[in-house]
Amino acid sequence: MNTFKLKILAADKVVFDGECEKMTIPCFDGEKGILAHHENILMATDIGITKFKPVDEDERVVFTGLGFIEVIDNDVTFLVQTSERPDEIDANRAREAKERAEEALRQKRSQIEYHHSKASLSRAMARLKATSKYM
Numbered sequence: 472m473n474t475f476k477l478k479i480l481a482a483d484k485v486v487f488d489g490e491c492e493k494m495t496i497p498c499f500d501g502e503k504g505i506l507a508h509h510e511n512i513l514m515a516t517d518i519g520i521t522k523f524k525p526v527d528e529d530e531r532v533v534f535t536g537l538g539f540i541e542v543i544d545n546d547v548t549f550l551v552q553t554s555e556r557p558d559e560i561d562a563n564r565a566r567e568a569k570e571r572a573e574e575a576l577r578q579k580r581s582q583i584e585y586h587h588s589k590a591s592l593s594r595a596m597a598r599l600k601a602t603s604k605y606m
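Residue numbers (the working numbering): 472 to 606.
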């Protein structure tokens with residue numbers, strides 16, 4: 472059978488635990504796809520949109536925060552800081568977070584504050600993308 476065991480775990484919940492046909496994850500160098508019998512890997516993942524196709528179900532889409540994915544012998548574990556379905560995201564709140572992050576980037580600040588603001592902007596933009604594209 473061309474499926475694999477997938478477990479997606481956020482800090483506060485189990486997002487998915489079951490058989491899956493395929494998945495796409497956000498990585499620092501673009502999206503990566505995982506299919507059944509993928510080579511064994513351990514990799515850091517970026518903030519963005521994660522898509523996966525459970526067996527006999529429609530494709531699911533979730534916004535995921537930073538994380539790690541491990542593939543060992545057709546068993547995939549995806550650990551993320553946060554995870555939200557598009558219908559769980561408050562688009563107004565995400566827009567406000569985007570505006571705050573853009574304003575913080577315009578101000579001259581320390582390197583640490585710059586990188587924090589850049590991460591906040593990335594997270595807000597990915598959440599907005601999830602609400603606008605998949606709702």
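Glycine included, every Cβ here is placed at the ideal spot set by N, Cα and C.
| said: If you reduce the DSSP assignment to three classes, tell me which class M494 lands in. | reply: Against the sequence shown, residue 494 aligns to sequence position 23. Correct three-state label for M494: strand.
| query | Within 10 angstroms of its Cβ, does F539 collect 16 or more other Cβ (buried), or is it exposed? | reply | Translated into the one-based positions of the sequence shown, residue 539 becomes position 68. Residue environment for F539: exposed (fewer than 16 other C-beta atoms within 10 angstroms of its C-beta).
| said: When you compare the CB positions of V532 and R556, do they come within less than 9 Å of one another, or not? | reply: Taking the first residue of the sequence shown as 1, we reach residue 532 at position 61. Taking the first residue of the sequence shown as 1, we reach residue 556 at position 85. Closer than 9 Å, so yes.
| message | Is it the case that the region 542-555 contacts the region 474-488, given that we only count it when at least three CB pairs across the two stretches are under 8 Å? | response | Because the criterion of three Cβ pairs below 8 Å is met, the region 474-488 and the region 542-555 touch.
| request: For F499, write down the residues that DSSP places opposite it in a beta bridge. | output: For this step, residue 499 is matched to residue 28 along the sequence shown. Note: F499 sits in no beta bridge, so no partner.
| query | Any idea what DSSP makes of M596, helix, strand or coil? | reply | Here residue 596 corresponds to residue number 125 of the sequence shown, with the count starting at 1. Note: M596 maps to helix in three-state DSSP.
| If you run the structure through DSSP and keep just helix, strand and coil, what is T474? | On the sequence shown, residue 474 is found 3 positions in, with the first residue counted as 1. Reduced to three states, the DSSP call for T474 is coil.
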